[in-house]
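Everything below concerns the one structure shown next.
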Amino acid sequence: NSESETARVLASELGSYATVYHPTFEGNPIDIEKQINEYIMAHHINLIVASSLGGFFALRLNSYFKIVINPCVEPHKYLNQSPFVDKYKEMEKTLFSLVDCEERALTYGVFSRADELFSYYDVFCKYYMKQHTIQINDRHRISARCIKNVLVPLIHQIFEVDSPILKKQLECTPFPANLQVYILTKM
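First residue of the sequence shown? That's 53 in our numbering, and the numbers climb one at a time after it.
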């Protein structure tokens, strides 16, 4: 499937620089969020790459470098048949409540101009740094070409910048010996 394709292409392109994890979670979004947090802590994740509904959960995580690709910030609109639609609505209310200067510096957004499902580019730019956004000529599911030509260079850019936030987070050289990348995609 396309979600594992993202992980596969990233793992191939990042090579020995990164270990790429791609677990999947299902069910109650409160439980999913808890499982995600536990997984990130257990695997010492340095970077979260998340798309679509995974982007929603990633944006709820604080103090991690993250790249969200076509994030869904209003999942209740698209999961209206889900028994958990009310839980998603509640979670949406606090989605941006903890965004501060550090979160703006840690969060990047990639948005497809031809996304056939939705676009939250303007919403993202309202809460995060516009200079941390990239618009690409692609569809909702990012292509291998854009992973190679946009996402991988962005990951290298993030970890080659000499910043105090980066040094604090990684406590090592600007590009860690083995970056731990967590791919969080559609649930």
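All C-beta atoms in this analysis are idealised placements derived from N, C-alpha and C, irrespective of residue type, glycine included.
Source: prediction; values computed, not measured.
An exposed status is given to Asn114, since fewer than 16 other beta-carbon atoms sit within 10 Å of its beta-carbon. Where Ile88 is concerned, the enclosing alpha helix (DSSP H) starts and stops at Pro81 to His95. With a cut-off of 8 Å on Cβ pairs, the segment 126-140 is not in contact with the segment 148-162, counting fewer than three such pairs. DSSP places Val61 within a helical segment (H, G or I) once states are collapsed to three. Here the segment 140-149 makes contact with the segment 107-127; the two share three or more CB pairs at distances below 8 Å.
As DSSP reads the structure, Ala196 sits in no beta bridge. Looking at the backbone, the Cα of Tyr73 and that of Thr58 are separated by about 11 Å. Between Gln232 and Ile119 the beta-carbon gap is near 14 Å, outside 8 Å, which marks them as no contact. Distance check between Phe163 and each of Ser149, Thr146, Gln183 and Ala157 places Gln183 closest, using alpha-carbon atoms only.
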